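Residue numbering for the sequence shown follows my numbering, starting at 139 and increasing by one per position.
Quick reminder that beta carbons are idealized off the backbone N, C-alpha and C, glycines included.
Quantities reported herein were computed from a predicted structural model and do not represent experimental measurements.
Step one of this worksheet: look at the structure below.
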Amino acid sequence: MLDATTRSGGTATATPQAAATELTVAADPVVGAEITVAAPAVPTVVPTGPAARFVRALLSPWSRLSLLVVLLAAAASSVLLFDPQRLLADGWPPQLGGATAAVAFSVAYGLCTVAFVPRPLLNLAAGAVFGSQLGLGTALVGTVLGAGAAFGLGRILGQDALRSLLRARWLKAADGQLSRHGFRSMMVARLFPGVPFWAANYCAAVSRMGWFPFLVATALGSIPNTAAYAVAGARASSPTSPAFLIAMALITLPAVVGTVVAWRKRHHLRGH
139 MLDATTRSGG
149 TATATPQAAA
159 TELTVAADPV
169 VGAEITVAAP
179 AVPTVVPTGP
189 AARFVRALLS
199 PWSRLSLLVV
209 LLAAAASSVL
219 LFDPQRLLAD
229 GWPPQLGGAT
239 AAVAFSVAYG
249 LCTVAFVPRP
259 LLNLAAGAVF
269 GSQLGLGTAL
279 VGTVLGAGAA
289 FGLGRILGQD
299 ALRSLLRARW
309 LKAADGQLSR
319 HGFRSMMVAR
329 LFPGVPFWAA
339 NYCAAVSRMG
349 WFPFLVATAL
359 GSIPNTAAYA
369 VAGARASSPT
379 SPAFLIAMAL
389 ITLPAVVGTV
399 VAWRKRHHLR
409 GH
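Written out as structure tokens, the structure reads:
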């Protein structure tokens, strides 16, 4: 029996059940925590002022898509003003040479592909300026840089808005192909010319293809065609040489094969 002091100074006897209850609550923190009343959650306050609405509108998918369109239009306009095709006639600036020239050309190559300059023209320029081997290397680096830049711009600024427009059957089929078989599809697009370089970049950006398969497939799939154009550019001064004729054959053959494959697959794509 447990004794407890009463108000009058005497003692009172506590019942065993009451004592056991008190000991249980004191010894078990879980039970004690259940007795505690939880404080009400503080509601999250969402800013609704003019500045907050402006920021949300600025970061909306369609605003970002509009920014992408403006950037691409500015890039295309700059190409028309600076006319990079002069490299084929005038050559590379004489003040640049060696590794500096190769790095500068690769960066310029990548920026030009983002601005819709055709890659065959740039590949010919690479071969004419640097020769077959170094021209191939600089062109491949520029190809990967330009593809990565276009893929990043499309993924960040255009994917959220453009994916809501994939309602046509052939668009859904192309998106599914790129999303499920990204590496294989991009290898085919790079090996067999037919799809413009910039179009393949932005279509891949809108799909769910990953960065790594996109860049690796671009680098590997672009080697044959880029090498053929680089050799043709390096040997352009002797168009009857065997190297030039072989390069032109390697340029023409993938284009013909790609056209035949696309023609045979057109019904399969429409059926999906």
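Count the C-beta pairs between the stretch 202 to 210 and the stretch 239 to 247 that are closer than 8 Å, then say yes if the count reaches three, no if not. no
Whole-number beta carbon distance between Ala-277 and Tyr-247, since they are thought to touch under 8 Å: Sequence index remark: in the sequence shown, residue 247 carries index 109 (1-based). Sequence index remark: in the sequence shown, residue 277 carries index 139 (1-based). Correct: roughly 6 Å between the Cβ atoms.
Given 8 Å as the limit, is there contact between the stretch 375 to 395 and the stretch 337 to 348, that is, 3 or more CB pairs closer than that? no
Report, in whole angstroms, the separation of the C-beta atoms of Ala-343 and Arg-293, which I expect to be a contact under 8 Å. For this step, residue 343 is matched to residue 205 along the sequence shown. For this step, residue 293 is matched to residue 155 along the sequence shown. That pair is a contact at about 4 Å.
Please report the distance separating the alpha-carbon of Val-108 from that of Ala-337. Examination of residue 108 is not possible in this model, given that the chain is present from 139 through 410 alone.
According to DSSP, simplified to helix, strand and coil, what is Met-347? By one-based count along the sequence shown, residue 347 stands at place 209. In the structure shown, Met-347 sits in coil (DSSP, three-state: anything other than H, G, I, E or B).
Tell me whether the beta-carbon of Thr-238 lies closer than 9 Å to the beta-carbon of Arg-257. Residue mapping note: residue 238 aligns to position 100 of the sequence shown, counting from 1. Residue mapping note: residue 257 aligns to position 119 of the sequence shown, counting from 1. Cβ atoms of Thr-238 and Arg-257: not closer than 9 Å.
Going by C-alpha to C-alpha distance, which of Tyr-340, Gly-371, Ala-366 and Phe-382 sits closest to Ala-393? Locating residue 393 in the sequence shown gives position 255, counting from the first residue. Out of Tyr-340, Gly-371, Ala-366 and Phe-382, Ala-366 has the C-alpha closest to the C-alpha of Ala-393.
Do you know how far the Cα of Ala-288 is from the Cα of Val-279? The sequence position of residue 279 within the sequence shown is 141, counting from 1. The sequence position of residue 288 within the sequence shown is 150, counting from 1. Going by the C-alpha atoms only, they are around 14 Å apart.
Local conformation of Ala-253 per DSSP, three classes: Looking up residue 253 in the sequence shown gives position 115. Note: Ala-253 maps to coil in three-state DSSP.
For Phe-220, three-class secondary structure by DSSP: On the sequence shown, residue 220 is found 82 positions in, with the first residue counted as 1. DSSP places Phe-220 in helix when its eight states are reduced to three.
Through-space distance from Gly-296 to Ile-389, alpha-carbon basis: Indexing the sequence shown from 1 puts residue 389 at position 251. Indexing the sequence shown from 1 puts residue 296 at position 158. If I take the Cα positions, the gap works out to 33 Å.
Quick check on this structure: which residue in Ser-201, Val-217, Met-325 and Leu-316 has the alpha carbon closest to the alpha carbon of Cys-341? Start at 1 with the first residue of the sequence shown, and residue 341 comes out as number 203. When only C-alpha atoms are compared, the closest one is Leu-316.
On the criterion of 16 or more Cβ atoms from any shown chain inside 10 Å, does Ala-380 qualify as buried, or is it exposed? As a first step, residue 380 must be located in the sequence shown, where it is residue number 242. The sequence given here has Pro at residue 380, not Ala. Classification of Pro-380: exposed, given that the 10 Å Cβ count is below 16.
Applying the 10 Å Cβ sphere with the 16-neighbour rule, what's the burial state of Ala-212? The residue labelled residue 212 in the question sits at position 74 within the sequence shown. Per the 10 Å Cβ criterion, exposed.
Just verifying my parser: in three-state terms, what is the DSSP assignment at Phe-330? Working through the sequence shown from its first residue, we reach residue 330 at position 192. Three-state result, Phe-330: coil.
Compute the beta-carbon to beta-carbon distance between Gly-286 and Leu-329, rounded to the nearest angstrom, for a pair I have assumed lies under 8 Å. Numbered from 1 along the sequence shown, position 148 holds the residue referred to as residue 286. Numbered from 1 along the sequence shown, position 191 holds the residue referred to as residue 329. Not quite, the Cβ-Cβ distance comes to about 19 Å (not below 8 Å), so this is no contact.
In chain order, what residues of the same chain have a beta carbon less than 8 Å from the beta carbon of Pro-331, not counting five sequence neighbours either side? Translated into positions along the sequence shown, residue 331 becomes position 193. Once the five neighbours on either side are set aside, the close Cβ partners of Pro-331 are Asn-363, Pro-392, Ala-393 and Gly-396.
Give a yes or no on whether the C-beta atoms belonging to Gly-371 and Ala-263 are separated by under 9 Å. By one-based count along the sequence shown, residue 371 stands at place 233. By one-based count along the sequence shown, residue 263 stands at place 125. Cβ distance < 9 Å, so Gly-371 and Ala-263 count as in contact.
Hey, quick one: how far does the alpha helix (DSSP H) through Gly-291 stretch, first residue to last? To locate residue 291, count along the sequence shown from 1; it is residue 153. The question names Gly, but residue 291 is Leu in the sequence shown. Residues 270 to 291.
In whole angstroms, what separates the C-alpha of Leu-218 from that of His-319? To locate residue 218, count along the sequence shown from 1; it is residue 80. To locate residue 319, count along the sequence shown from 1; it is residue 181. Distance between the alpha carbons of Leu-218 and His-319: 36 Å.
Please state whether DSSP places Thr-397 in a helix, a strand or coil. Position 259 of the sequence shown, counting from 1, holds the residue named residue 397. The answer is helix: DSSP assigns Thr-397 an H, G or I state.
Three-state secondary structure (DSSP) at Ser-360? Position 222 of the sequence shown, counted from the first residue, corresponds to residue 360. Ser-360 falls in the coil class under three-state DSSP.
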